[in-house]
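**Student:** Have a look at this one.
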Amino acid sequence: MNIMIVGVGGQGSLLASRILGRAALDAGYAVKVSEVHGMSQRGGSVVTYVKYGETVDAPLICRGEADVILSFEQLEAARWLPYLRRGGTVVTSTQSINPMPVVTGASVYPDALVEKIAAKGVRIIAADTLAIAREAGSEKAANVALIGLAGQVLGFSDEAIRAAITACVPPKFTEVNLKAYSLGAENAAAL
Amino acid sequence: MKQLMLGNEAVARGLWEAGVRLVSSYPGTPSTEITEFAAKYEQDIYAEWAPNEKVALEVALGAAIGGGRSFCAMKHVGLNVAADPLFVSAYTGVNGGMLIAVADDPGMHSSQNEQDSRHYAIAAKLPMLEPSDSADCLNFTKAAYALSEQFDTPVLLRTSTRVAHSQSVVELSDREEVPVRDYVKDPSKYVMMPAYARGRHVTVEKRLAALREFAETTELNRIERGTDNKIGIITAGTCYNYARECFGDSVSYLKLGLVNPMPAKKILDFAASVERVIVIEELDEVIESYCRALGIAVDGHNILPNIGEYSTELLAEKLLGKVPEFDVLEDAIPPRPPVLCSGCPHRGVFYVLSKLKLYVSGDIGCYTLGAGQPLCAMDTTLCMGASISALHGFNKVRGEENKSVAIIGDSTFMHSGMTGLVDITYNQGKSTVIVVDNSITGMTGHQQNPCTGLTLQNKPTYAVSIEAICAAAGIADEHIRVVDPYDLGEVERVLKEELAAECPSVIICRRPCALLKYVKAKPAPRVDADKCRSCRACMKIGCPCISMQNGKAVIDAALCVGCGVCKQLCKFDAIGGADA
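Protein chains in written order, with my numbering: chain W, 1 to 191; chain U, 192 to 771.
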């Protein structure tokens with residue numbers, strides 16, 4: 001299983017990747033998780049790779065090979081779309097954050113990205129995970145709400161994800177994160 | 192016990208398990224977390240941030256001579272800084288074991304160049320190990336100490352961004368308690384003046400010959416036989432993973448864990464056992480050139496690039512002719528470059544530099560982002576500390592001291608900026624230097640430095656004064672100015688005064704990084720849409736919180752930390768009080 005987590009530096013993709021890595025390890029799979037630190041964290045485009053299975057060699061995912069793209073931001077879902085395999089799933093927050101070239105007016109933020117991705121025949125699950133996280137009690141849990149939105153697509157049982165969240169999140173934030181996860185999952189069911 | 196670990200964390204775990212006593216490093220992506228994780232074993236390991244990599248390597252060498260197992264880590268360009276002690280350490284050898292980790296950055300995720308550190312191992316005649324994943328990181332680190340003490344030599348460990356920042360499974364063990372060895376005075380080994388060094392060079396060559404023998408038999412170099420003998424791949428590091436994913440079990444692999452010195456006989460035998468040999472190595476043709484020198488016909492950089500990072504996709508395309516299938520949108524996707532953060536204290540300084548159209552001699556740190564749109568306030572970025580010394584040279588030939596500045600961060604000033612300042616005062620320069628002091632090492636993720644008053648292991652300590660260093664270097668007290676970079680008028684006024692002065696000067700723009708936990712955000716100001724004339728003056732600072740919506744400026748209250756810099760740009764007083 002090849003999962004890419006994409007977003008904007010500072011959105012919490014590291015924690016999301018650790019939760020999924022933990023769930024895969026607990027399920028007895030071979031796992032590799034690749035992160036990028038440094039320059040890209042300053043509001044730049046960030047990508048994290050989570051791969052698990054009977055064996056995993058490379059830590060990176062090639063274009064056309066991701067089973068799932070988990071995206072914290074619409075434009076990033078569009079940017080990394082070429083990495084999705086045919087028949088794969090995009091799970092994205094509907095949040096949009098203008099990159100600097102859009103802010104300065106040098107570029108335009110494309111419209112209707114979710115619809116355009118769907119028009120390619122790609123299965124896409126989209127919801128406002130920021131609003132879901134706010135409802136759960138903290139916008140910072142938007143990353144975990146996104147995992148809830150993805151649900152079974154990630155290849156883990158509900159219990160396995162809950163256990164991984166509990167193992168990876170500091171105790172005082174466990175409750176809000178588990179709630180964000182549940183609300184995310186409810187949202188997916190309602191779509 | 193099995194655990195998922197970052198490559199850097201696995202190196203740190205290896206240090207602890209190997210009984211290491213001392214760690215001294217300077218931060219540098221992607222090596223930084225090794226030292227941060229090592230510092231957490233504070234009961235057993237003394238760990239520190241040194242002001243630069245040369246100091247760090249010398250501290251580690253001193254500890255090794257003193258009989259304790261020691262370590263230092265740096266990024267590839269850091270090894271350039273530490274090259275002087277590196278080369279001599281090959282001559283002195285060690286007493287307690289010593290390991291130097293160097294992290295290369297193919298693809299330049301966070302670096303000013305691509306550089307293959309294997310050349311250093313060859314040039315300094317030191318053994319170098321190259322792990323492929325976190326398990327290798329842990330095991331090779333432990334193996335390095337045995338190797339170091341067996342051959343009386345420092346050992347190099349080469350990682351890369353992908354190995355350093357990927358998590359994979361490791362098997363944990365307990366710490367081996369290694370006592371500090373006796374120190375015996377021996378000038379012929381440790382005093383490297385010509386008479387003694389000549390003798391030590393003989394030792395270095397003998398040691399290298401012994402290491403070549405060792406390379407033939409060590410388990411660090413591993414042959415994996417494939418199902419047929421058509422293709423044999425010689426590889427190391429993260430490329431081994433890409434090769435395996437691309438070719439699977441059909442081909443044979445010679446995975447080199449010890450990349451210097453290489454095992455001649457093993458390579459010759461391996462090559463003879465297959466029909467075609469392909470060398471897969473990122474960056475330079477090190478293994479490939481060695482094979483050719485042995486008379487082996489190999490494929491490698493005749494097919495694969497010596498620029499950028501490798502991937503399974505690249506190997507599949509170049510070696511198997513496979514083209515991936517995927518969907519792509521017709522829309523142009525705007526790039527998302529990294530930017531100065533909301534509330535970054537550097538932003539206002541760059542706005543003023545841009546406004547005054549000055550020549551800006553830049554340096555390495557978050558503030559290098561001042562080169563980007565829309566500030567565009569940087570003319571050069573070379574290497575750590577070069578802003579000050581390169582400005583001195585620029586001004587000596589052009590005589591434009593009143594139109595040029597150097598800009599450097601607090602940590603970079605301590606690293607190697609201050610020697611440039613001494614050059615200016617000593618050699619009668621008149622340049623103006625700006626130190627943007629955000630009271631932390633920012634770019635690498637908030638490390639303490641000699642100016643911050645805290646050690647790596649969080650102990651309160653003496654805070655080195657930038658002002659006192661400038662004064663001691665010969666900058667007149669009245670030309671050492673401290674300003675608040677949030678105050679644009681003050682920054683501009685002081686800058687103009689010091690540019691006009693017929694003597695060298697230092698302007699310290701002091702305000703802590705907005706991301707530090709103790710820095711409290713203020714409420715975001717609100718834009719009065721009736722007053723906003725859509726002049727876009729507030730957009731000139733490149734703040735990620737400000738955008739134009741329906742022709743009017745809007746501030747993202749969730750992102751804004753209330754630095755107030757944008758308010759100072761609005762001539763129509765449209766950016767006002769806090770949002771209700």
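Using N, Cα and C, we set each Cβ at its ideal position, and we do this for glycine too.
1. So, helix, strand or coil for L338 (chain U), using DSSP?
2. Does the ligand SAH have a heavy atom nearer than 6 Å to the CB of F517 (chain U)?
3. For F72 (chain W), name the three-state secondary structure that DSSP assigns.
4. Quick one: is V103 (chain W) buried, meaning 16 or more other Cβ sit within 10 Å of its Cβ, or exposed?
5. Going by DSSP, what residues sit across from D490 (chain U) in a beta bridge?
6. Could you tell me the alpha carbon to alpha carbon distance between V745 (chain U) and K172 (chain W), rounded to whole angstroms?
7. Using DSSP's beta-bridge definition, name the partner residues of M575 (chain U).
8. Quick check: the stretch 106 to 122 of chain W against the stretch 74 to 86 of chain W, are at least 3 beta-carbon pairs closer than 8 Å?
9. Look at the alpha carbon of L206 (chain U) and the alpha carbon of P703 (chain U), and state the distance between them as a whole number of angstroms.
10. Keeping to the same chain, check which residues put their C-beta closer than 6 Å to that of S359 (chain U); ignore five residues upstream and five downstream.
11. Kindly indicate the opening and closing residues of the beta strand (DSSP E) around E362 (chain U).
12. Can we say the stretch 503 to 512 of chain U touches the stretch 524 to 541 of chain U, given the rule of at least three CB pairs closer than 8 Å?
13. Is L707 (chain U) helix, strand or coil when you go by DSSP?
14. List the DSSP bridge partners of T92 (chain W).
15. Using a Cβ-Cβ cut-off of 6 Å (strictly less than) and excluding sequence neighbours within five positions of A771 (chain U), which residues of its own chain qualify?
16. Since S13 (chain W) is in the alpha helix (DSSP H), which residue starts that stretch and which ends it?
17. Please state whether DSSP places N2 (chain W) in a helix, a strand or coil.
18. Given R22 (chain W), which residues of its chain have a CB within under 7 Å of its CB, disregarding the five upstream and five downstream residues?
19. Across the stretch 441 to 455 of chain U and the stretch 406 to 422 of chain U, are there enough close Cβ pairs to call them in contact, namely three or more that are closer than 8 Å?
20. Leaving out five residues on either side along the sequence, give the residues of the same chain with a beta carbon under 6 Å from the beta carbon of K266 (chain U).
21. Listing by chain order, which chain U residues have their CB less than 7 Å from the CB of D57 (chain W)?
22. Whose C-beta lies closer than 7 Å to the C-beta of C532 (chain U) among residues of the same chain, with five residues either side of it excluded?
23. S308 (chain U) by DSSP, collapsed to three states: which one?
24. Just the C-alpha distance for H310 (chain U) and K421 (chain U), rounded to the nearest angstrom, thanks.
25. In this structure, does DSSP put Q194 (chain U) in helix, strand or coil?
26. Using a Cβ-Cβ cut-off of less than 7 Å, list which residues of the stretch 129 to 159 of chain W approach chain U; keep chain order.
27. Which of the residues in the stretch 62 to 89 of chain W, read from start to end, lie with their CB under 8 Å from any CB of chain U?
28. Counting only the same chain and skipping the five closest in sequence on each side, list residues whose C-beta sits under 7 Å from that of V543 (chain U).
29. With distances taken Cα to Cα, identify the nearest neighbour of E139 (chain W) among W:I147, W:E159, W:N177.
30. Applying the criterion that 16 or more other CB atoms from any shown protein chain within 10 Å of the CB defines a buried residue, is Y709 (chain U) buried or exposed?
31. Only counting the same chain, and skipping five residues up and downstream in sequence, which positions put a Cβ closer than 6 Å to that of R391 (chain U)?
32. Measuring CA to CA, which of U:T635, U:V626, U:A663 is closest to R672 (chain U)?
33. When the Cα atoms are used, what is the spatial distance from I599 (chain U) to S630 (chain U)?
34. Compare the C-beta of A771 (chain U) against all C-beta atoms of chain W and say whether one is closer than 7 Å.
35. Could you tell me the alpha carbon to alpha carbon distance between S107 (chain W) and P99 (chain W), rounded to whole angstroms?
**Tutor:** The answer reads as follows:
1. One-based indexing of the second sequence puts residue 338 (chain U) at position 147. Correct three-state label for L338 (chain U): helix.
2. Among the components of this structure there are no ligands whatsoever, and the ligand SAH is therefore not found.
3. For the purposes of this step, residue 72 (chain W) is identified with residue 72 of the first sequence, where counting begins at 1. Three-state DSSP puts F72 (chain W) in coil, outside helix and strand.
4. Counting from 1 along the first sequence, the entry for residue 103 (chain W) is found at position 103. V103 (chain W) should be labelled buried.
5. Within the second sequence, numbered from 1, the residue matching residue 490 (chain U) stands at position 299. DSSP output for D490 (chain U) lists U:I469 as bridge partner(s).
6. Counting from one through the second sequence, the residue named residue 745 (chain U) turns up at place 554. Counting from one through the first sequence, the residue named residue 172 (chain W) turns up at place 172. The straight-line gap from Cα to Cα measures roughly 35 Å.
7. Locating residue 575 (chain U) in the second sequence gives position 384, counting from the first residue. DSSP, once it has assigned bridges, lists no residue as partnering M575 (chain U).
8. yes
9. As a working note, residue 206 (chain U) is residue 15 in the second sequence. As a working note, residue 703 (chain U) is residue 512 in the second sequence. Whole-angstrom Cα-Cα distance: 33 Å.
10. Taking the second sequence and counting its residues from 1, the one referred to as residue 359 (chain U) is at position 168. Excluding positions up to five away in sequence, the list reads D324, S325.
11. Taking the second sequence and counting its residues from 1, one reaches residue 362 (chain U) at position 171. Its beta strand (DSSP E) spans residues 357 to 362.
12. no
13. As a working mapping, residue 707 (chain U) is identified with position 516 in the second sequence. Residue state, collapsed to three classes: coil.
14. Here residue 92 (chain W) corresponds to residue number 92 of the first sequence, with the count starting at 1. W:S71, W:A126, per the DSSP bridge assignment.
15. Locating residue 771 (chain U) in the second sequence gives position 580, counting from the first residue. The predicted position of A771 (chain U) is uncertain, since its pLDDT is 41 and thus under 50; no value can be drawn from it.
16. In the first sequence, the residue the question calls residue 13 (chain W) occupies position 13. Looking at the DSSP string, the run of the alpha helix (DSSP H) that includes S13 (chain W) is 13 to 26.
17. For this step, residue 2 (chain W) is matched to residue 2 along the first sequence. N2 (chain W): strand per DSSP, three-state reduction.
18. As a working mapping, residue 22 (chain W) is identified with position 22 in the first sequence. Cβ neighbours of R22 (chain W) beyond the five flanking positions: A164, A167, C168.
19. yes
20. What you label residue 266 (chain U) is simply residue 75 of the second sequence in a count that begins at 1. Closer than 6 Å at the Cβ level, and outside the excluded window around K266 (chain U), lie G219, S222, A294.
21. On the first sequence, position 57 is the one that residue 57 (chain W) refers to. Neighbours of D57 (chain W) on chain U, chain order: N432, R435, E436.
22. Counting from one through the second sequence, the residue named residue 532 (chain U) turns up at place 341. For C532 (chain U), where only same-chain residues beyond five positions count, the Cβ hits under 7 Å are A705, L706.
23. Here residue 308 (chain U) refers to the residue found at position 117 when the second sequence is read from its first residue. Three-state DSSP puts S308 (chain U) in coil, outside helix and strand.
24. Start at 1 with the first residue of the second sequence, and residue 310 (chain U) comes out as number 119. Start at 1 with the first residue of the second sequence, and residue 421 (chain U) comes out as number 230. Cα to Cα, the separation comes out at about 31 Å.
25. What you label residue 194 (chain U) is simply residue 3 of the second sequence in a count that begins at 1. Strand, per DSSP.
26. none
27. C62, R63, G64, E65, L75, E76, A78, R79, L81, P82, Y83, L84, R85, R86
28. Here residue 543 (chain U) is taken as the residue at index 352 of the second sequence, counted from 1. Excluding residues within five positions, the ones whose Cβ falls inside 7 Å are L679, V682, E683, L686.
29. One-based indexing of the first sequence puts residue 139 (chain W) at position 139. Among W:I147, W:E159, W:N177, the Cα nearest to that of E139 (chain W) belongs to W:N177.
30. Locating residue 709 (chain U) in the second sequence gives position 518, counting from the first residue. Flag for Y709 (chain U) reads exposed.
31. In the second sequence, the residue the question calls residue 391 (chain U) occupies position 200. Excluding sequence neighbours, R391 (chain U) sits near Y282.
32. In the second sequence, counting from the first residue as 1, residue 672 (chain U) sits at position 481. That would be U:V626, whose Cα lies nearest to the Cα of R672 (chain U).
33. The count along the second sequence starts at 1 and reaches residue 599 (chain U) at position 408. The count along the second sequence starts at 1 and reaches residue 630 (chain U) at position 439. Taking the straight line from one Cα to the other gives about 13 Å.
34. Against the second sequence, residue 771 (chain U) aligns to sequence position 580. Confidence at A771 (chain U) is low in this model, with a pLDDT of 41, below 50, so its placement is unreliable and the value that follows should be read with caution. No, A771 (chain U) does not count as interfacial toward chain W.
35. Looking up residue 107 (chain W) in the first sequence gives position 107. Looking up residue 99 (chain W) in the first sequence gives position 99. So the two alpha carbons sit approximately 9 Å from each other.
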